[in-house]
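**Q**
Numbering (my numbering), first residue to last: 38 to 264.
(1) Can you list the beta strand (DSSP E) stretches of 3 or more residues lying completely in the region 169–207, in chain order?
(2) Have a look at residue 226 and residue 98 and give me their C-alpha separation to the nearest angstrom.
(3) Please report how far the alpha carbon of residue 172 lies from the alpha carbon of residue 182, in whole angstroms.
(4) For residue 245, I'd like the list of residues in its chain whose CB is within less than 8 angstroms of its CB, leaving aside the five on either flank, ordered along the chain.
(5) Give the straight-line distance between the Cα atoms of residue 165 and residue 70, rounded to the nearest whole angstrom.
(6) For residue 238 versus residue 248, is the C-beta spacing smaller than 8 angstroms?
(7) Less than 8 angstroms between the C-beta atoms of residue 121 and residue 140, yes or no?
(8) How long is the line joining the alpha carbons of residue 104 and residue 201, rounded to whole angstroms?
(9) Measuring alpha carbon to alpha carbon, tell me which residue in 107, 74, 153 and 100 is nearest residue 217.
(10) Nearest-angstrom Cα distance between residue 107 and residue 211?
(11) Does residue 68 pass the burial test, meaning 16 or more other C-beta atoms within 10 Å, or should it be called exposed?
(12) Tell me the rounded alpha-carbon separation between residue 117 and residue 149.
(13) Based on DSSP bridge pairs, tell me the residues matched to residue 249.
(14) Distance, Cα to Cα, residue 221 vs residue 72?
(15) By a C-beta neighbour count over all protein chains shown, 10 Å radius and 16 as the cutoff for buried, is residue 52 buried or exposed?
(16) Counting only C-beta atoms, is residue 213 closer than 8 angstroms to chain B at any point?
(17) Considering Cα atoms alone, identify which of 197, 74 and 63 is closest to residue 170.
(18) Since residue 166 sits in a beta bridge, which residues does DSSP pair it with?
(19) Taking only three categories from DSSP, how would you classify residue 75?
(20) Following the continuous alpha helix (DSSP H) through residue 109, name the residue where it begins and the one where it ends.
(21) So, under 8 angstroms CB-CB, residue 76 and residue 163 are touching, yes? Tell me the CB distance rounded to an integer number of Å.
(22) What first and last residue would you give for the alpha helix (DSSP H) that runs through residue 94?
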């Protein structure tokens, strides 16, 4: 007996909305993973210029600046070439599948720096970075802030912490990258102390770092600005 065309129950609006939201979320997660796996470009750092002259010894330049009481300026290119020369060889062979750090370079922006670590995992290049700002307080002490400011002016939190590949990540995700950056920082203890503890004024500008051992004069906005 012909019962006619079968009727299937129509999905409710809520079910359709949930299904669409699940599909959209899956697409966003997949896109985020793809961005994480694509290394950020480092072409602007000019690391492979064979004609560039060897960099100064940053430690000697810092000590000379402190001794003479004169400001010193380091360019982004100069710092990065020095970091490439100073990179320490791996102390132990890494287990297969573990990421291996190749180099750390710095990108100097307006009021902040981006520390970029280039690594390899299973032969695939990857990058991870974190933003750093230096605050000089009224009493002369300095504080490092591991963030790159807001995502947007109207959004106070979360703050931009860095980038996994080409994906900008919130500050809280830096906990996964901090151990690797900390190991590198320990190998540069002397230079970090001279530059960021002994210097009175630290000014980060696009493409260059300005350090001055002399205290800023009264009324100078540098005394309370986050650089």
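Glycine included, C-beta positions come from ideal geometry on N, C-alpha and C.
**A** In short:
(1) 179–182, 187–189, 192–201 and 204–207
(2) 15 angstroms
(3) 7 angstroms
(4) 110, 111, 112, 113 and 145
(5) 13 angstroms
(6) yes
(7) yes
(8) 40 angstroms
(9) 153
(10) 36 angstroms
(11) exposed
(12) 16 angstroms
(13) 238
(14) 25 angstroms
(15) exposed
(16) This model lacks chain B altogether, as it is built from one protein chain only.
(17) 197
(18) 153 and 200
(19) coil
(20) Careful: residue 109 lies outside any alpha helix (DSSP H), inside the beta strand (DSSP E) at 109–112.
(21) 6 angstroms
(22) Premise fails: residue 94 is in no alpha helix (DSSP H) and is neither H nor E.
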